[in-house]
Amino acid sequence: MNEGLTYFLQQVINGLSCGAIYSMIAIGYSMVYGVLGLINFAHGDLYVFGTFIAYSLIIVLSGMVNPWLLAIVAGCLAGCVGMVIERLAYRPIRKANRMVPMISAFGCAAVLKTISQAVWGPEAISFESLSFLPEGSFMLGNLQVYNRALFIPAVSLAVVIIMQYILNHTKFGLGTRCIMQDSATSNLIGVPSDTIIPLIYFLGGFLGVMGGVLYCSYYGYISIDMGMLGTIKAWAVVMLGGKGSFWGAFFGGLVIGVAEAMAGAYIGTAYRDAVGYIIIVVVLMFRPTGMFGHKKVEKV
Amino acid sequence: MLLSVEDIHVFYGPVEAIHGVSFEVDEGELISIVGNNGAGKTTLLNTISGAMSPSMGDIKWQGKSTKGMGAAQLVRSGIAQVPEGRMVFADSTVYDNLLAGAYVRKDKEGIKKDINTYFERFPILGERRNQKAGLLSGGQQQMLAIARALMARPKLLMMDEPSLGLAPVIVSEVYNIIEQIRKEGTVILLVEQNATRALSVADRAYILVTGEITMTGPGKELMHNDSVRQAYLGV
Ligand SMILES: Nc1ncnc2c1ncn2[C@@H]1O[C@H](COP(=O)(O)OP(=O)(O)OP(=O)(O)O)[C@@H](O)[C@H]1O
Ligand SMILES: [Mg+2]
């Protein structure tokens, strides 16, 4: 294999792991987006908050408990915070103008960010030693493949499959699909939105933390600035994949991950993060319902 | 009395849409409420369904106030609604739409049996059970919306303008179904702009004008009332 090709493939592999992390963060975000009908600006700060909790749990209980178990505990806590946010900041204004919940989401984001900053400080903290990801690598021709580059997409794929199963084969999934399409009608025909919507927020927070743990492990640090960046990337993923679509979130994440890796490798690292923004703008201009999204006929 | 609505006032923010409406629905009845655009028909049904709450007055269902009951709880207790504009879940299959209508039920076997019953009764729904509901024609969607509401096994079926936007032939078909459902023992509360149809099937009817009931009587009698004929039947 020539060097150029090896370099290219290496970038693709990097991009896929990175993208699979975006997928994870975006799945929960996509569900909440689906029911809320809007960008949830609190998602990013919630997943960072939960990931900080996972970090602290691991530091405190270092070596005694499997880190993934602790990540799940932190995910559940973040899920509960998500439910509280739904109860306090969204439910009272569910019927209000769409701008209103968007503003209250910004409010929640600010509160979570302030708490995170007060507890864990404004500096980036090393996440390297927390051993969430498998070590080691192997050679494929002259391509070095890290085990974690297989592990991350595998976790993400498993989550998509599980979520898709829940959505299509459980009663909760049926209710979720109804609420995502039309929450007012769902309510009228007896789908209890007041129990289903909090569960969707729970899953949003929980999966966000799973993604957050992968994200921070992959980059080796955690910082409160990851909140806004995560929100933007998850938004870009959902714009590409279509809100409420898990496979859309999965492939959307991979596309963005690879596009970022390409931009970083061939244009310059400074352009990496621009990719997400460019995708948001382009998709909004040409296909506002996303790659996998459906056109919705709105009654006027 | 199965349902009694007692002097309710309903607001959208500061705007009062229902100004003290009272009416009753008894076992075995088919009641129509006729009113023009914006009279408050949908608001009334949504208030009975628990999606909105009256600021004054009370609604009694089987003798008990429905205050504090959520919409899902009311469906479970036997009030189902076919919403205005049908509102089927367009991206879900016909089958899943029916399943969603039975959300408040727990008897899996009974649910399956009922779905099959409706597939036999509306063969087109059976043929298209795995197709997205959004691909059905307007009339077919109306059948689906009716079947979806019936999946909750309601005692009272409320229908919001079932003839809206449908061709006359289809409207006749829908009204045949309504009469059929009523014969099977389900109480029906129908709201319509289409006064001819609604009055001709009703045991009793009410005329709703900008949030107030102005007239009531047997359906056939109202059909022959001069002011009703002028205002709603275009004669
Ligand atoms: N979401 C809302 N916010 C504010 N006002 C509303 C809202 N929905 C309805 N209204 C007002 O309440 C009144 C009653 O509306 P409603 O929809 O109940 O009438 P309707 O009889 O069902 O009319 P239509 O035949 O057009 O369906 C109208 O004046 C309407 O403008
Ligand atoms: Mg109406």
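Respectively, the protein sequence lines represent chains B and C. Just so you know, we're using the numbering used here here: the first sequence kicks off at 1 and counts up by one. Just so you know, we're using the numbering used here here: the second sequence kicks off at 1001 and counts up by one. For each residue, glycine too, the CB sits at the ideal point set by N, CA and C. On a predicted model such as this, the values are computed, not experimentally measured, just so you know.
From the DSSP output, in three-state form, read off B/Leu133 for me.
Along the first sequence, read from residue 1 onward, the residue named residue 133 of chain B stands at position 133. B/Leu133 falls in the coil class under three-state DSSP.
Just to confirm my understanding: we take B/Ala236, look at its own chain, exclude 5 residues before and 5 after, and list those with CB closer than 7 Å. What are they?
The residue labelled residue 236 of chain B in the question sits at position 236 within the first sequence. Contacts found: Ile256, Gly276, Ile279 and Ile280.
Which runs of the alpha helix (DSSP H) spanning at least 4 residues fall entirely within the stretch 183 to 257 of chain B, listed in chain order?
Those alpha helix (DSSP H) runs which fall completely within the stretch 183 to 257 of chain B and span 4+ residues are 183 to 188, 193 to 219 and 226 to 241.
Along the chain, which unbroken stretches of the alpha helix (DSSP H) at least 4 residues long are found entirely within the stretch 74 to 126 of chain B?
If we require 4 residues or more, the alpha helix (DSSP H) runs fully inside the stretch 74 to 126 of chain B come out as 99 to 120.
Just how far apart, CA to CA, sit B/Leu130 and B/Val48?
Along the first sequence, read from residue 1 onward, the residue named residue 130 of chain B stands at position 130. Along the first sequence, read from residue 1 onward, the residue named residue 48 of chain B stands at position 48. Looking at the two C-alpha atoms, the distance is approximately 16 Å.
Is C/Tyr1012 a contact residue of ligand 1, with contact defined as CB to any heavy atom under 7 Å?
Within the second sequence, residue 1012 of chain C is the residue found at index 12, counting from 1. Yes; taking the cut-off as 7 Å, the Cβ of C/Tyr1012 has a heavy atom of ligand 1 nearer than that.
Given this structure, state the Cα-to-Cα distance separating B/Gly37 from B/Gly264, to the nearest angstrom.
For the purposes of this step, residue 37 of chain B is taken as the residue at position 37 of the first sequence. For the purposes of this step, residue 264 of chain B is taken as the residue at position 264 of the first sequence. Looking at the two C-alpha atoms, the distance is approximately 32 Å.
Report back the beta-carbon spacing between C/Val1209 and C/Ala1017 to the nearest angstrom; my notes put them in contact at under 8 Å.
If you number the second sequence from 1, residue 1209 of chain C lands on position 209. If you number the second sequence from 1, residue 1017 of chain C lands on position 17. Not quite, the Cβ-Cβ distance comes to about 12 Å (not below 8 Å), so this is no contact.
Would you say the beta carbon of C/Ala1039 comes nearer than 7 Å to a heavy atom of ligand 1?
What you label residue 1039 of chain C is simply residue 39 of the second sequence in a count that begins at 1. Indeed, a heavy atom of ligand 1 lies less than 7 Å from the Cβ.
With B/Tyr277 as the anchor, note down where its alpha helix (DSSP H) starts and where it stops.
Walking along the first sequence from the start, residue 277 of chain B turns up at place 277. From DSSP, the alpha helix (DSSP H) with B/Tyr277 extends over Ala274 to Phe286.
Quick check on C/Ala1147 - is its C-beta less than 8 Å from some C-beta in chain B?
Along the second sequence, one-based indexing puts residue 1147 of chain C at 147. So, not an interface residue.
Can you give me the C-alpha to C-alpha distance between C/Met1158 and B/Lys113, rounded to a whole angstrom?
By one-based count along the second sequence, residue 1158 of chain C stands at place 158. By one-based count along the first sequence, residue 113 of chain B stands at place 113. If you take the alpha carbons of C/Met1158 and B/Lys113, they lie about 48 Å apart.
Across the stretch 1049 to 1065 of chain C and the stretch 1102 to 1116 of chain C, are there enough close Cβ pairs to call them in contact, namely three or more that are closer than 8 Å?
Verdict: no, contact absent.
What are the boundary residues of the beta strand (DSSP E) that C/Gly1013 is part of?
Residue numbering aside, residue 1013 of chain C sits at position 13 when the second sequence is read from its first letter. Note, C/Gly1013: premise wrong, no beta strand (DSSP E); not H, not E.
Scan the stretch 169 to 194 of chain B for residues whose Cβ lies nearer than 9 Å to a Cβ of chain C and list them as they occur along the chain.
So the list reads Lys171, Leu174, Gly175, Arg177, Cys178, Met180, Gln181, Asp182, Ala184, Thr185, Ser186, Asn187, Leu188, Ile189, Gly190, Val191, Pro192, Ser193 and Asp194, given in the order they occur along the chain.
Note down the Cα distance separating C/Asp1107 from C/Leu1099, rounded to an integer number of angstroms.
Against the second sequence, residue 1107 of chain C aligns to sequence position 107. Against the second sequence, residue 1099 of chain C aligns to sequence position 99. Roughly 12 Å separates the two Cα atoms.
Would you check if the distance between the CB atom of C/Ile1031 and the CB atom of C/Val1025 is smaller than 8 Å?
For the purposes of this step, residue 1031 of chain C is taken as residue 31 along the second sequence, with counting starting at 1. For the purposes of this step, residue 1025 of chain C is taken as residue 25 along the second sequence, with counting starting at 1. Taking 8 Å as the Cβ cut-off, C/Ile1031 and C/Val1025 qualify as a contacting pair.
To the nearest whole angstrom, what separates the beta carbons of B/Ser156 and B/Asn147, a pair I think is in contact under 8 Å?
For this step, residue 156 of chain B is matched to residue 156 along the first sequence. For this step, residue 147 of chain B is matched to residue 147 along the first sequence. So it is not a contact: roughly 15 Å between Cβ atoms.
Is there at least one Cβ from chain B nearer than 8 Å to C/Ala1039's Cβ?
Within the second sequence, residue 1039 of chain C is the residue found at index 39, counting from 1. No, C/Ala1039 does not count as interfacial toward chain B.
Assuming the contact rule is C-beta atoms closer than 8 Å, B/Met226 and B/Met24 should be a hit. Round their C-beta distance to whole Å, please.
Taking the first sequence and counting its residues from 1, the one referred to as residue 226 of chain B is at position 226. Taking the first sequence and counting its residues from 1, the one referred to as residue 24 of chain B is at position 24. Contact flag wrong, Cβ pair sits at about 14 Å.
What are the residues of the stretch 1097 to 1114 of chain C that lie near chain B, defined by any Cβ-Cβ distance shorter than 8 Å?
Taking 8 Å as the Cβ-Cβ cut-off against chain B, the residues of the stretch 1097 to 1114 of chain C that qualify are Leu1099, Ala1100, Gly1101, Tyr1103 and Val1104.
Quick one: what's C/Arg1204 bridged to in DSSP?
The sequence position of residue 1204 of chain C within the second sequence is 204, counting from 1. Note: C/Arg1204 sits in a beta bridge opposite C/Ile1031 and C/Pro1218.
How big is the Cα-Cα spacing for B/Ala302 and C/Val1010?
For residue 302 of chain B there is no data in the structure shown, the boundaries of chain B being 1 and 300.
So, for C/Tyr1095: in the same chain, excluding its five sequence neighbours on each side, which residues have a beta-carbon less than 6 Å away from its beta-carbon?
The residue you call residue 1095 of chain C lines up with position 95 of the second sequence. Correct list, in chain order: Arg1129.
Cutting at 6 Å between CB atoms, please list the residues of its own chain near C/Tyr1206, excluding the five before and the five after it.
By one-based count along the second sequence, residue 1206 of chain C stands at place 206. Answer for C/Tyr1206: Phe1023, Ile1033, Ile1213 and Thr1216, listed in chain order.
Going along chain B in order, which residues have a C-beta closer than 8 Å to the C-beta of C/Ser1049?
For this step, residue 1049 of chain C is matched to residue 49 along the second sequence. Those are Leu188, listed as they occur along chain B.
Quick check: the Cα distance between C/Thr1196 and B/Ser183, rounded to an integer number of angstroms?
Here residue 1196 of chain C refers to the residue found at position 196 when the second sequence is read from its first residue. Here residue 183 of chain B refers to the residue found at position 183 when the first sequence is read from its first residue. The alpha-carbon atoms of C/Thr1196 and B/Ser183 are separated by roughly 33 Å.
Going along chain B, which residues have a C-beta under 8 Å from C/Arg1076?
On the second sequence, residue 1076 of chain C is found 76 positions in, with the first residue counted as 1. Residues of chain B passing the Cβ test: Gly190.
C/Ala1152 touches chain B at which residues, Cβ-Cβ below 8 Å?
Taking the first residue of the second sequence as 1, we reach residue 1152 of chain C at position 152. Per Cβ cutoff of 8 Å: Ile189 and Gly190.
Nearest chain B C-beta to C/Met1087 closer than 8 Å, yes or no?
One-based indexing of the second sequence puts residue 1087 of chain C at position 87. Yes, C/Met1087 lies at the interface with chain B (some Cβ there is under 8 Å from its Cβ).
Check B/His169 in the structure and name its three-state DSSP category.
Residue mapping note: residue 169 of chain B aligns to position 169 of the first sequence, counting from 1. It is helical.
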